[in-house]
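In the working numbering, the protein residues as written are 28 to 353.
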């Protein structure tokens, strides 16, 4: 018979995995909503502004709730500069490139390319930070990028040369977010994950407002009703809520296991694209996706501790792209 502590541990594990999987699926729904908004005539500049402006009050509500429970340490001027830079790279620029790329490629290819973000972190760490990469990790990198090429061939057969532009834009988005992941490690330890997300998203919201004021100041006020509803769903259901779910999951089961649960992201995107957007699912796509998922599994396999260790883990690892805004 299981002890009471063992039952509680198992429940914590199952609950954490459920939160991680649900958060990954909800994050992936962002691409579906953006694609739907494009059909109503919206552009990337307007959508990113609406998303950030609608998500911002929710983020600050979370911050206010946490600030009531603990004392926040003061930040220096340099801290604010670093957070602003992280907000630009990880939230504004990354999201903008992603939205631009979605105009030209399927949601399945978009999610698979973004799923490669941990490999970009690995490569930047190797070439810029002089970190070592094991032979197994090199194999995983080759397999992962081969999978993207396979899925890209499928998109290119229908979208032509524009598919290449879309894939490059989304890959640039993943690179931008990878830089954020590397740079945010120290700041998370210093200011906390919630405060970093709130401050960085505030910087992103400011940048998106400046951009839309330059591009078309009236754009956020003259959209059809459907675009506002889609943007509200994007801000809440596909941004703030999954961010909270991922944070809860990391607290309960640790980042490595959360990273493995992220496998549901590209899988759910493929099927949501088929159901909602009528995007076809082919064996080529499934094969390419399997290669990418297999590569990510190889990368996180050696980092994933045992179940017990995972439950006690509290540190964030670079192989987990929790992706609150991307």
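We put the beta carbon where it would ideally sit given N, CA and C, even for glycine.
Keep in mind it's a predicted model, so treat the numbers as computed, not measured.
Original post:
Considering residue 283, what are the terminal residues of the alpha helix (DSSP H) in which it resides?
Top reply: 282-288 is the span of the alpha helix (DSSP H), which, as asked, contains residue 283.
**OP:** Closer than 7 Å by C-beta to residue 173: which residues in its own chain qualify, once you throw out the five before and the five after it? Chain order, please.
**Re:** In chain order, 318 place their CB closer than 7 Å to the CB of residue 173, counting only its own chain and leaving out the 5 sequence neighbours on each side.
Original post:
Are residue 196 and residue 150 touching if we call contact CB-CB under 8 Å?
Top reply: No, the Cβ-Cβ distance between residue 196 and residue 150 is not below 8 Å.
Original post:
Exposed or buried, residue 68, counting other C-beta atoms within 10 Å across all chains shown (16 or more means buried)?
Top reply: Exposed.
Original post:
Per DSSP, what kind of secondary structure is residue 332 in: helix, strand or coil?
Top reply: Per-residue confidence for residue 332 stands at a pLDDT of 47, beneath the threshold of 50, marking its modelled position as unreliable; the derived number appears in the next sentence. If DSSP states are grouped into helix, strand and coil, residue 332 belongs with coil.
**OP:** Evaluate the contact criterion for the stretch 75-87 versus the stretch 258-268: three or more CB pairs, one atom per stretch, below 8 Å.
**Re:** Because the criterion of three Cβ pairs below 8 Å is met, the stretch 75-87 and the stretch 258-268 touch.
Subject >> C-beta atoms of residue 53 and residue 64 nearer than 8 Å >> reply: Taking a C-beta distance under 8 Å as the contact criterion, residue 53 and residue 64 do not qualify as a contact pair.
Subject >> Closest Cα partner of residue 43 within the set 283, 322, 145, 316 >> reply: Distance check between residue 43 and each of 283, 322, 145, 316 places 283 closest, using alpha-carbon atoms only.
Original post:
Helix, strand or coil for residue 243 per DSSP?
Top reply: Assignment of residue 243 by DSSP, reduced to helix, strand and coil, places it in the coil class.
Original post:
Taking the continuous alpha helix (DSSP H) assigned at residue 72, which residues delimit it?
Top reply: Looking at the DSSP string, the run of the alpha helix (DSSP H) that includes residue 72 is 71-94.
Original post:
Does DSSP put residue 158 in a helix, a strand or coil?
Top reply: Residue 158 carries a coil assignment under DSSP once its states are collapsed to helix, strand and coil.
Original post:
Using the C-alpha atoms, what's the distance from residue 248 back to residue 113?
Top reply: For residue 113 and residue 248, the gap between their C-alpha atoms comes out near 29 Å.
Original post:
Which full runs of the alpha helix (DSSP H) of 4+ residues lie inside the stretch 83-153, going along the chain?
Top reply: Counting only runs of 4 or more residues that sit fully inside the stretch 83-153, the alpha helix (DSSP H) segments are 104-114, 121-128, 134-141, in chain order.
Original post:
On the three-state DSSP scale, how would you describe residue 266?
Top reply: Correct three-state label for residue 266: helix.
Subject >> First through last residue of the alpha helix (DSSP H) which encompasses residue 307 >> reply: Residue 307 -> no alpha helix (DSSP H), and no H or E assigned at all.
Original post:
Once you ignore the five residues that flank residue 289 on each side, which residues in its own chain have a CB closer than 6 Å to its CB?
Top reply: Taken in chain order, the residues that qualify are 51.
Subject >> Chain-order list of residues whose beta-carbon lies under 7 Å from that of residue 110 (same chain, five-residue window excluded) >> reply: Contacts found: 214, 223, 226, 227, 230.
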